[in-house]
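Just below is one structure, and these are the notes that go with it.
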Amino acid sequence: MSEEVKKEEWPWEDAYGDYSMVPVPRHEKRSFSSIFYVYMGVLACIAVLWGGSTLGLQYTVKQAILVALIGSAILAVIGGLTAPIGGISGTSTYVNMRFPFGSIGSQVFGSIVAGIACGIGWFSVQAWLFGIIVHTLFPNAVWANVGVAATWGGLLMMITALIGFRGLAWLSYLAVPFFMLIAGVGAMIGVAQGGGFAGLMSLAPAEPTPIGVGITQVVGMYIAGGIITADISRYARKAFSGALAWIIQIIIFQVYMLSGAAILMIATGASDVAGALLAGGAGIGAFLMAILGQWTTNDNNLYNGALSFNTWLHTKKWHITLGEGIIGVGIAAWVGFAAGASMDPFMKFLTLLGKILPSIGGVLIADFYLYRWYKKVPFKKRYKGTPGMKVALVNWVGWLSVGLGTWIGGWLLKWGIAALNGLILGLVIYTVLSIVLDAAGVKITVGEHTINRKGV
Amino acid sequence: MNFKGYIRTTSIIIIVLALAVLVLGIAKWSENPYTGIIYAVVGFIQLLGMVLLFPRIAKLDDQKEVGNRAVQANWIVLSLGIAGMALFLAPFFRLESVTVSYVAFILSVVLTVLSAFNIFIAVNRVKARMVV
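In the order they appear, the protein sequences are chains A and B.
Our numbering numbers the first residue of the first sequence as 1 and each following residue consecutively.
Our numbering numbers the first residue of the second sequence as 457 and each following residue consecutively.
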């Protein structure tokens, strides 16, 4: 393809790297399997196995599988709706947010939920947790001291995020089949220790838990991932391959991993997966699971965080990744070295920030599928930007919908799944308000901003 | 030997080695089905990935595209090879016959080295993408 043709088809300039502010060009798009592997890389993490272990402590095998299936089906629908947005626009979640929230809205909301919460907050929590796991596995080694392990683990996780999408994909190719096998080994250790399948099926928890509680846990565990699917699906060659990849990984592999961990817990009665695997005889596999599981997830935290910060920090994306990573590793190491320190207050703060995300997802889905449909924008042309295009500074209906959705869904409603409540409320409030106000001739946007060739 | 011929030859070697892991799994099954199934799954997936590579590259003339597809197949062998190396000598796999564990471990080492070398060759010789 000649340079002239390239310029004609792709009028942007990738000034900040990894197409963080501009649509991914055609020649950089990836196959279905690449997208699938990267999603699987995010999924293949210890947090999912912990989620499964929690189910194992609350339910029988059949109930745990049922809960995993229902929770995963809900997540499949959410991600199945958000992934095509990235597939069609070719841009990240935070750039897409310009449409329902305005350019200032995309900077504010993106930075809160992805930048501060994921890129710095959860990154440091996961690096610290990595230190805890490594220390549990090797309690006497100096290199496995919580602070030391959190430091080298955090730095490892930073490397692939610094490379960008290629780095995430590379690691996922290496780690995902391995991780899937480890989940299978965990299940087999559980079956062997539970006295075979028949014996395992007869085991029941001391205090049974309602099914709804488990579904809430499964959905809540990964709803953030379901909302920011566009960060990866923007690289997909076909508009819907991101959605397909997401649905398959959630419905088949998340259920498989949750069930594997649940079986291990039901059989052993242990409280942590890595410890149970080590005690069950998985050897170095348990250690590699800890490394690869945290690594493949946490590099995505940094990656998504840097993408969101790039909406207002106009510098090379890797500079932001490096900055976020150093802050995150610093926090993890500081907590790790301070004996007896806990990250509970910090995690509560991050969970609080995360409460906004479902409503943001609901508004994004409503704007892309319903409001643009009402405005008669052709499906394949929605969220398609061009240099010189004008976007609002603020879409106040989007802001209001997120505020109301988060407040009602996260605090007022005492039933249902809090994250799902927030998402549905954001979707309904935005759809009703934007269409009614538009029909009444009330302007829902304030100010104007012109997008330049750099996507800024 | 041209690149496609090289990939075909090494793929046949990988298929034979993966088949050996699969046979070990089947042999072990009667003794301990829980470890037997893991050997069998590792061998089967590596085998399947490589067998499917043949029709996928059969009609391709573009060396780079052949390389891209070979890279994809070899990543699976590599990842599961590392998993085999990490797991097959672990206590859970050595409950009964230790010989099977050692043989499976050695096969995993060879599969890992061969698949890593194939990826290296594909990336350097025909400029295939490391992630496709």
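Positions of the beta carbon are idealized from the N, C-alpha and C atoms, including for glycine.
Does the beta carbon of Pro511 (chain B) come closer than 8 Å to any beta carbon on chain A? no
Quick one: Cα of Met506 (chain B) to Cα of Arg525 (chain B), how far? 10 Å
Identify the residues that DSSP records as bridge partners of His449 (chain A): which are they? Per DSSP, the beta-bridge partners of His449 (chain A) are A:Val391.
Between Val5 (chain A) and the rest of its own chain, which residues show a CB-CB distance below 7 Å, the 5 nearest in sequence each way excluded? In this prediction, Val5 (chain A) scores a pLDDT of 43, lower than 50, which makes its location untrustworthy; the coordinate-derived value is nonetheless stated afterwards. Cβ within range, chain order: n/a, list empty.
Among the residues of its own chain, which have a CB less than 6 Å from the CB of Asn530 (chain B), if the five just before and after it don't count? Excluding residues up to 5 positions away in sequence, Ser571, Asn574, Ile575 lie with their Cβ nearer than 6 Å to the Cβ of Asn530 (chain B) in the same chain.
With a threshold of 8 Å between beta-carbons, can Arg237 (chain A) be considered close to chain B, or not? no
Check this for me: beta carbons of Ile494 (chain B) and Val185 (chain A), under 8 Å apart or not? yes
Kindly indicate which three-state DSSP category Arg382 (chain A) falls into: helix, strand or coil? coil
Supposed contact pair Val363 (chain A) and Val430 (chain A) - C-beta distance, whole angstroms, cut 8 Å: Rather than Val, the amino acid found at residue 430 (chain A) in this sequence is Tyr. So it is a contact: roughly 4 Å between Cβ atoms.
Using the Cβ count rule (16 or more neighbours within 10 Å means buried), how would you classify Leu480 (chain B)? buried
Specify the secondary structure class of Ala333 (chain A) as computed by DSSP and reduced to three states. helix
Mind checking if Phe576 (chain B) is an interface residue toward chain A, Cβ cutoff 8 Å exclusive? no
Rounded to the nearest angstrom, what separates Gln193 (chain A) and Thr268 (chain A) at their Cα positions? 7 Å
Counterpart residues of Arg30 (chain A) in DSSP-defined beta bridges: A:Ala236
Backbone secondary structure at Val5 (chain A) - three-state DSSP: Note that Val5 (chain A) scores a pLDDT of 43, beneath 50, so its modelled location is shaky; the value from the coordinates is reported in the next line. In the structure shown, Val5 (chain A) sits in a helix (DSSP, three-state: H, G or I).
Just by C-beta distance, which residues in the segment 173 to 204 of chain A are closer than 8 Å to chain B? Tyr173, Leu174, Ala175, Val176, Pro177, Phe178, Leu181, Ile182, Gly184, Val185, Met188, Ile189, Val191, Ala192
Any beta carbon of chain B sitting closer than 8 Å to that of Ala270 (chain A)? no
Can you list, in chain order, the residues of the segment 503 to 534 of chain B whose Cβ is nearer than 8 Å to any Cβ on chain A? Gln528, Trp531, Ile532, Leu534
If we define contact as Cβ-Cβ less than 8 Å, is Arg166 (chain A) a contact residue for chain B? At least one C-beta of chain B is nearer than 8 Å to the C-beta of Arg166 (chain A).
Among the candidates A:Met21, A:Ile182, A:Leu353, whose CA atom is the shortest distance from the CA of Gly260 (chain A)? A:Ile182
Considering Cα atoms alone, identify which of A:Phe165, A:Gly71, A:Thr406 is closest to Tyr303 (chain A). Nearest in C-alpha terms to Tyr303 (chain A), of all of A:Phe165, A:Gly71, A:Thr406, is A:Phe165.
8 Å is my cut-off, CB to CB: does Phe573 (chain B) come that close to chain A? False, the Cβ-Cβ gap to chain A never drops below 8 Å.
Taking a contact to mean a Cβ-Cβ separation below 8 Å, would you say Gly226 (chain A) touches Leu75 (chain A) in this structure? Taking the C-beta atoms as reference points, Leu75 (chain A) is found nearer than 8 Å to Gly226 (chain A).
Using a Cβ-Cβ distance under 8 Å, would Leu563 (chain B) count as near chain A? Answer no: the Cβ-Cβ gap between Leu563 (chain B) and chain A never drops below 8 Å.
Output, in chain order, the set of chain B residues within a Cβ distance shorter than 9 Å of Ala274 (chain A). The CB of Ala274 (chain A) never comes closer than 9 Å to any CB in chain B; the least such distance is about 14 Å.
The segment 152 to 165 of chain A: which residues have C-beta closer than 7 Å to a C-beta of chain B, in chain order? none
Under 7 Å by beta carbon: chain A residues contacting Ala474 (chain B): In chain order: nothing, as chain A lies at least about 13 Å away.
Answer yes or no: does any C-beta atom of chain A fall closer than 8 Å to that of Ile495 (chain B)? The amino acid occupying residue 495 (chain B) in the given sequence is Tyr; Ile does not appear at that position. For Tyr495 (chain B), the answer is no, since every Cβ of chain A falls outside 8 Å of its Cβ.
Relative to the C-alpha of Gly154 (chain A), which candidate in A:Ala332, A:Gly354, A:Phe178 has its C-alpha closest? A:Ala332
Of all the options B:Ala539, B:Leu503, B:Ala514, which has the alpha carbon lying nearest to the alpha carbon of Gly461 (chain B)? B:Ala514
I need the straight-line Cα distance from Gly403 (chain A) to Gly121 (chain A), nearest angstrom please. 22 Å
Within 10 angstroms of the Cβ of Val582 (chain B), are there 16 or more other Cβ atoms? Answer buried if so, exposed if not. buried
List, in order along the chain, the chain B residues whose C-beta lies closer than 9 Å to that of Ile284 (chain A)? Met541, Ala542, Leu543, Leu545, Ala546
Using 8 Å as the limit for Cβ to Cβ distance, is Ile538 (chain B) near chain A? Residue-level contact check: Ile538 (chain B) touches chain A, since one or more beta carbons of chain A fall below 8 Å from its beta carbon.
At least one CB of chain A closer than 8 Å to the CB of Tyr490 (chain B): is that the case? yes
By Cβ distance, which residues of its chain are closer than 6 Å to Lys366 (chain A), with the 5 residues on each side in sequence left out? One point to set straight first is that residue 366 (chain A) is Ala, not Lys, in the sequence displayed. Counting only Cβ-Cβ distances below 6 Å, and skipping sequence neighbours, we find Leu427, Tyr430, Thr431.
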